[in-house]
Amino acid sequence: MTTKASLLAITLDCAEPKKLAEFYHRVLGFEIQYSEDEYAAVGDGTVNIYFGRVPDRKPVSWPSPDKQFHFDFRVPDVEKAVGEYVALGATKPEFQPGVTDEGTRWVVLQDPEGHLFCVCPSS
Numbered sequence: 001m002t003t004k005a006s007l008l009a010i011t012l013d014c015a016e017p018k019k020l021a022e023f024y025h026r027v028l029g030f031e032i033q034y035s036e037d038e039y040a041a042v043g044d045g046t047v048n049i050y051f052g053r054v055p056d057r058k059p060v061s062w063p064s065p066d067k068q069f070h071f072d073f074r075v076p077d078v079e080k081a082v083g084e085y086v087a088l089g090a091t092k093p094e095f096q097p098g099v100t101d102e103g104t105r106w107v108v109l110q111d112p113e114g115h116l117f118c119v120c121p122s123s
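The numbers in UniProt numbering rise by one with no breaks, and the one at position 82 of the sequence shown is 82.
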């Protein structure tokens with residue numbers, strides 16, 4: 001039998017850990033647990049996101065087969081949340097596979113360093 005692991009955190013490579021921790025603190029409401037130039041962390045006591053400085057990191061373009069991961073976040077009002085997150089520094093790529101003639105199923109955004117995340121409705 002394989003030893004069961006528990007997830008400690010997800011770590012994102014980025015150029016500015018303090019800035020990215022502040023962004024996700026504002027988006028998720030997670031507490032900033034640590035914030036230095038080389039490393040920062042946010043969490044809610046169960047889920048943690050760490051940010052490690054990699055000065056030469058280059059974000060992938062969207063859409064791209066080079067995408068390795070993305071976050072999915074649920075919100076009560078997608079349009080309102082997208083506006084707020086863009087005001088905080090996120091960008092909204094032109095390609096939006098979740099927006100169709102039938103309506104918005106989700107919206108793809110990129111955080112200030114280009115990591116992708118989807119804003120999804122609560123229901």
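Note that the Cβ used here is the ideal one computed from N, Cα and C, for glycine as well.
Check	Outcome
Going by the CB atoms, is the gap between Cys118 and Asp66 shorter than 7 Å?	no
Count the other C-beta atoms from every protein chain shown that fall within 10 angstroms of the C-beta of Phe87, then say buried if there are 16 or more, exposed otherwise.	Checking the sequence, you will find Ala at residue 87 rather than Phe. Classification for Ala87: exposed.
Run through the DSSP bridge pairs and tell me what Gly43 is partnered with.	Glu31, Asn48
How is Val82 classed by DSSP in three states: helix, strand or coil?	helix
Consult DSSP for Pro59 and reduce its assignment to one of helix, strand or coil.	coil
For Pro65, does the three-state DSSP call read helix, strand or coil?	coil
Let's test the definition: count the other Cβ atoms within 10 Å of the Cβ of Gln110 and tell me whether it reaches 16, buried, or not, exposed.	buried
According to DSSP, is Phe71 part of a helix, a strand, or is it coil?	strand
Based on Cα-Cα distance, which residue from Ala15, Pro97, Ala81 lies nearest to Arg57?	Ala15
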